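Visitor: What follows is a structure written as structure tokens; I'll ask about it next.
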Amino acid sequence: MAIKGKSKFDFEVFNDEEFDHWMAFNQQKYTREQAIKEWRSESMLGEGTPYIVEKAFVRYRFGVDEDNELRNGWWLEERDYGQRSVPVWSIKTPFLEEK
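So the number in my numbering is just where the residue sits in the sequence shown, counting from 1, plus 2.
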């Protein structure tokens, strides 16, 4: 994938009903290993915590959030929208049920 122009995006936390500790890290600034290390540090998770790493994109735009409120900000997306998208490492862990 071609690296796009430099973005101000560094990393961001995202929310979802199926995953916990979901963050995205700019691929222009972090290697996969650096992103995982930073994710563990920011999330305060140990080495044994299961996680999923995927390639994705973020884009700064207007949208409707989970509370049906209009907001602008960084949105995590699977699709590349050209120069408006920033390639990221998407790192998350499935919600772990408490016992």
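By construction, the Cβ of each residue, glycine as well, lies at the ideal position given by its N, Cα and C atoms. Model, not experiment: these values are computed from the prediction.
1. Do Pro89 and Pro52 come within 8 angstroms of each other at the CB atom, strictly closer than that value?
2. What's the gap between the Cα of Lys101 and the Cα of Glu56?
3. Could you pull the DSSP bridge partners for Met25 from this structure?
4. By DSSP, does Arg73 sit in helix, in strand, or in coil?
5. Helix, strand or coil: which one does DSSP assign to Arg81?
6. Is Trp77 near the ligand MG - that is, is its Cβ less than 7 angstroms away from at least one heavy atom of it?
7. Check whether the Cβ atoms of Tyr62 and Gly75 sit closer than 8 angstroms, and answer yes or no.
8. With a CB to CB cut of under 6 angstroms and the five nearest residues on each side skipped, what residues in its chain are close to His23?
9. Per DSSP, which one or two residues make a beta bridge with Glu56?
Guide: On the basis of the data shown:
1. Stepping through the sequence shown from its first residue, residue 52 is reached at position 50. Stepping through the sequence shown from its first residue, residue 89 is reached at position 87. In this structure, Pro89 does not lie closer than 8 angstroms to Pro52 by Cβ.
2. Residue numbering aside, residue 101 sits at position 99 when the sequence shown is read from its first letter. Residue numbering aside, residue 56 sits at position 54 when the sequence shown is read from its first letter. Caution applies to Lys101, whose pLDDT of 39 falls short of 50 and renders its modelled position unreliable; the value that the coordinates give is listed next. So the two alpha carbons sit approximately 28 angstroms from each other.
3. Translated into the one-based positions of the sequence shown, residue 25 becomes position 23. DSSP output for Met25 lists Val15, Ile93 as bridge partner(s).
4. Along the sequence shown, read from residue 1 onward, the residue named residue 73 stands at position 71. Three-state DSSP puts Arg73 in a strand.
5. By one-based count along the sequence shown, residue 81 stands at place 79. Coil, per DSSP.
6. Only the bare structure without any ligand can be found here, which leaves the ligand MG out of the picture.
7. On the sequence shown, position 60 is the one that residue 62 refers to. On the sequence shown, position 73 is the one that residue 75 refers to. In contact: Tyr62 and Gly75 (Cβ atoms closer than 8 angstroms).
8. Numbered from its first residue, the sequence shown carries residue 23 at position 21. Counting only Cβ-Cβ distances below 6 angstroms, and skipping sequence neighbours, we find Ser45, Thr95.
9. Here residue 56 refers to the residue found at position 54 when the sequence shown is read from its first residue. Its beta-bridge partners are Ser92.
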